[in-house]
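Visitor: In my numbering, the protein residues as written are 2 to 597. Glycine included, C-beta positions come from ideal geometry on N, C-alpha and C.
This is how it looks when you write it as structure tokens:
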């Protein structure tokens, strides 16, 4: 639900903004080609946040721009252009039959078979086959983990957790070891329980041969390790498998970059795009994958994504022709500037919201202190200063799970949770709860994001009136600090892919991959588990309402507002269309064409 990404089935959080020195790029074609022809040329766009990793599926790299690149190159471990499925504009699932097929073989037990089309290869020429599916099943299922994790700290207390996911293993953790087809082109998963999101499982992510190489073995030997290593048992942990641990260590950290990698294996892709250049804090360039076989190869030669944190600077770059399309942080000033620039604007609601989370340790271990702090947050003031100028009908958000655009479900959740009782600040009520105490509270937020700066200042001023000592813990690298224990409050956003329910275990379950505030509630854990096996939509909605109400009772934090979204172009690119999910403006980049 805002800017940071995991397996596309999960939420992504707002990435740190980089104010970059900008390079120029533009259209190099002179005529519009016939349909189906290759037009050549370059399309340059601007997004707010900088790229940091070729693996956006880890907690530290779960950022929207990382997810965009993973989506285009097909190695995000979720829905994208290089696997079995992607999402349409209305968030319906589209099957990528150019890649392969999947089918539900049985309802009881739930059995799903994935078959890769013959003749497909990775961008380095290595074949794509069931080895790749098996490896990514291993990554996302947690099958080999035998770790026990402390509920308060989130740290492993015994055993081994191999792959650290930003999201959750929920669903896949109920599957037995897969059955591999005789031709090594199919994989069948058998679930021990129903799984609500089975249609969103895409067992293609990082290449098996690359992870095998990083573990120091052949692909054949790596697959043998997976087949020979027993399922992990937290009650009987064993010495970690050295090969699997080496592969996992690389997957967890080896794809993080601060420069264009000299190791070309980090760039291996299955989708229609492949990264060809990267300038930290400035831009990343994607070209055509020469080995891609499918209908989504772009008509243009390359896509440059520039990182421009300031919305006005994005508009200026668009007006000057330095970029052809932008995805700025929306504000009244941005919309006015776009109008003055005669830009074509594409806008709508984002499946995204800003929120304030309290860390369940330290100063906020005391529920009274949590409640007191929430009573000081001036949510209406924040809404009026940031969102109302763009959307006069906007309202303060009163759910951690549902958005106002969810209609009656949202209203039901609000009635059940009581988040709406934290309307205007109640300073006297906060003082009464503190009973003379003056707690010190460190607030983490993105110092390069004007909206988050405004939210912090409003909260700081209000909380100080109740006796809180507010420490500015803001940082341009705030995304790397989430879950670090260096703060007590965080202000950031979540953005949803637009489909699925993986956000529930990711955020709210004890030790979830996106549970950065160490929230732990046994009732919520049980409800989250139930949500993953509930296929009845009405029952699932009721479970979500109950989770929402439990978080409110625990003084989890406060949602602030649903974010509006805006894309804009200067008329030189055809095909830009609004999409409110986490892949943002690039969701249909494969369909764009240059006008000249």
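Tell me where the beta strand (DSSP E) around residue 485 begins and ends.
Guide: Premise fails: residue 485 is in no beta strand (DSSP E) and is neither H nor E.
Visitor: As a quick exercise: from 471, 324, 353, pick the residue whose alpha carbon is nearest that of residue 595.
Guide: Looking at the Cα atoms, 324 is the closest of the given residues.
Visitor: Using a threshold of 8 Å, state whether the C-beta atoms of residue 426 and residue 378 are closer than that.
Guide: Cβ atoms of residue 426 and residue 378: closer than 8 Å.
Visitor: When burial is assigned at 16 or more other CB atoms within 10 Å of the CB, is residue 592 buried or exposed?
Guide: Per the 10 Å Cβ criterion, exposed.
Visitor: Does the beta-carbon of residue 582 have 16 or more other beta-carbons within 10 angstroms, so that it is buried, or is it exposed?
Guide: Buried: at least 16 other Cβ atoms inside 10 Å.
Visitor: Which same chain residues end up closer than 8 Å to residue 62 when comparing Cβ atoms and leaving out the 5 residues on each side of it in sequence?
Guide: Correct list, in chain order: 53, 54, 56, 167, 256, 257.
Visitor: Tell me the residue span of the beta strand (DSSP E) that contains residue 114.
Guide: Unbroken beta strand (DSSP E) run through residue 114: 111 to 117.
Visitor: Assuming residue 1 and residue 185 make a contact with CB atoms under 8 Å, what is their CB distance in whole Å?
Guide: The structure shown has nothing for residue 1, since the chain only spans 2 to 597.
Visitor: Closest to residue 329 by CA distance: which of 558, 450, 202 is it?
Guide: Out of 558, 450, 202, 450 has the C-alpha closest to the C-alpha of residue 329.
Visitor: When you compare the CB positions of residue 476 and residue 511, do they come within less than 8 Å of one another, or not?
Guide: The answer is no: Cβ separation not under 8 Å.
Visitor: Hey, residue 548 and residue 528 are a contact pair by Cβ (cut 8 Å); roughly how many whole angstroms apart?
Guide: Residue 548 to residue 528, Cβ: 5 Å. Contact.
Visitor: How far does the alpha helix (DSSP H) with residue 297 in it extend, from its first residue to its last?
Guide: That residue, residue 297, is in no alpha helix (DSSP H); it is neither H nor E in DSSP.
Visitor: Are residue 173 and residue 80 close, meaning C-beta to C-beta below 8 Å?
Guide: Contact: no.
Visitor: When we look at the beta-carbon of residue 585 and count the other beta-carbons within 10 Å, is it buried (16 or more) or exposed?
Guide: By the 10 Å Cβ count, residue 585 comes out buried.
Visitor: Please list, in chain order, all residues of the same chain as residue 126 whose beta carbon is under 8 Å from its beta carbon, the five residues on each side excluded.
Guide: These residues qualify, in order along the chain: 292.
Visitor: When DSSP labels each residue in this structure, what does residue 207 get in the three-state scheme?
Guide: Of the three classes helix, strand and coil, the one that applies to residue 207 here is coil, per DSSP.
Visitor: If you draw a straight line from the alpha carbon of residue 333 to that of residue 443, how long is it in whole angstroms?
Guide: Using only the alpha carbons, I get a separation of about 30 Å.
Visitor: Would you check if the segment 519 to 526 and the segment 186 to 197 touch, i.e. whether three or more CB-CB distances between them fall below 8 Å?
Guide: In short, these stretches do not touch, since the Cβ pair count stays below three.
Visitor: Suppose you measure from the CA of residue 190 to the CA of residue 407; what does that come to, to the nearest Å?
Guide: Taking the straight line joining both Cα atoms gives about 33 Å.
Visitor: Taking contact to mean 3 or more Cβ pairs, one atom from each stretch, closer than 8 Å, check whether the segment 496 to 507 and the segment 85 to 99 are in contact.
Guide: Cβ pair count under 8 Å is three or more, so yes.
Visitor: Got a sec? Which residues, its chain only, sit under 8 Å from residue 540 by beta carbon, not counting five neighbours each side?
Guide: Once the five neighbours on either side are set aside, residue 540 has no close Cβ partner at all.
Visitor: Does DSSP put residue 201 in a helix, in a strand, or in coil?
Guide: If DSSP states are grouped into helix, strand and coil, residue 201 belongs with the helices.
Visitor: Let's test the definition: count the other Cβ atoms within 10 Å of the Cβ of residue 213 and tell me whether it reaches 16, buried, or not, exposed.
Guide: It counts as buried.
Visitor: Quick check on residue 103: does DSSP put it in helix, strand or coil?
Guide: Three-state DSSP puts residue 103 in a strand.
Visitor: Once DSSP output is grouped into helix, strand and coil, what is the label at residue 128?
Guide: DSSP places residue 128 in strand when its eight states are reduced to three.
Visitor: List the residues that DSSP assigns as beta-bridge partners of residue 261.
Guide: Looking at the DSSP assignment, residue 261 forms no beta bridge with any residue, so it has no partner.
Visitor: Which partner residues does residue 470 have in the DSSP bridge list?
Guide: According to DSSP, residue 470 bridges with 441.
Visitor: Considering only the alpha carbon of each residue, which of 59, 568, 376 lies closest to residue 462?
Guide: Closest option to residue 462, Cα to Cα, is 376.
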